[in-house]
Structure formats: structure tokens, C-alpha cells
Amino acid sequence: MAFRVLSQTFRARAIKSASPSTQHRFGVAFLSTKYTPQHEYVTVNGKQGTIGITDFAQNSLGDVVYVDLPAVGDKLSKGDAFGAVESVKAASDVYTPASGTVTAVNEELAENPSLVNEEPMAGGWFIKVELDEVKDLDDLLGEDAYKEHCENEEH
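The sequence shown begins at 8 in the working numbering and counts up by one.
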């Protein structure tokens, strides 16, 4: 049996590249999601935010049949209505939880608005924005506070 002996330099590089600090060195960001009391969410990755409506909202609306979204490049201010959702039960405006510039819209919703019902926080997202100020999110609800808010709203 022959074993290959690794050099100290190679071993040190291998250990360093496997360490958690690699994530920070290469700029890997961790996602965080915040919620509004009106049931919009924003998932943040650095200064990029993905905005849509929550599972609670889509359940309340029922089957979504149409989604109206802004154009790429539109400038949004926190609290502004940026679009609307129509369902078999109701129509509702959607508000932006933070100020920013629209960088992408979910074009799939034009052909398949039911994605909002099927996976509201995945394939059913509405827009992506370059956030002006991440601190805009400081007054939004975290996951536990949002769950409590929904429980109180149901009663």
C-alpha cells in the first residue's frame, strides 16, 4: 500500500478553503425574510430584495387569476402600491415594503398567475428590487412576529 503524503502548504490550503470563513471571503450572503402587517414579504440578499405576498395572503384571496406588476426600472418608495392581485374573491393592491428600483418582474405570472397560490414565496414572487436602504426593513416583522400577527388576525 502506498500513501501519498500531502505537503503542509497543500493541507493548510485545503483546510482554509473548507472553513466557514470561505463564505465571507467569497461574498456569499445569507438570505433573510421580513414581512409587512399587510402580508407582503421581502427576502433580502445583500441589497437585492425579492417581494411578493405571503401564503396567508394568497389563502385569504383564493385562486389568483391576474397579477399587475410594474416595469423594470420603476422607482418605488416604501409603502407605495406597486401592483395588484385579482382573485376569484377579490382584488387587492400590493405595497412595497422598502424603497428601491425594480430590477426584475416575474413574467411567468402573466401566463400562470396560479403560481402565487402554488408557491407564493418561491416561483410566485412578484418583483426584485435593488434596495435604496436596507435599514428600511428594520421596522418590518420577523418570522415569529409575523406568525403571531397572522394568528391574531384569524381570531
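All C-beta atoms, glycine included, are put in the ideal place defined by N, C-alpha and C.
Since the model is a prediction, treat every value here as computed from it, not as a measurement.
| Item | Value |
| --- | --- |
| Cβ-Cβ distance between Ser-4 and Val-79 below 7 angstroms | Residue 4 is absent from the model: the chain starts at 8 and stops at 162. |
| Residue burial classification, Gly-69 (beta-carbon count within 10 angstroms, cutoff 16) | exposed |
| Inter-residue spacing [alpha-carbon to alpha-carbon] between Ile-58 and Asn-66 | 17 angstroms |
| Residues bridged to Tyr-48 (per DSSP) | Tyr-42, Gly-59 |
| Distance between beta carbons of Gly-107 and Gly-56, contact taken as under 8 angstroms | 6 angstroms |
| Ordered list of alpha helix (DSSP H) runs contained in the segment 93–139, each at least 4 residues | 115–118, 122–125 |
| Per-residue burial, Glu-47 [other beta carbons within 10 Å of its own, 16 or more giving buried] | buried |
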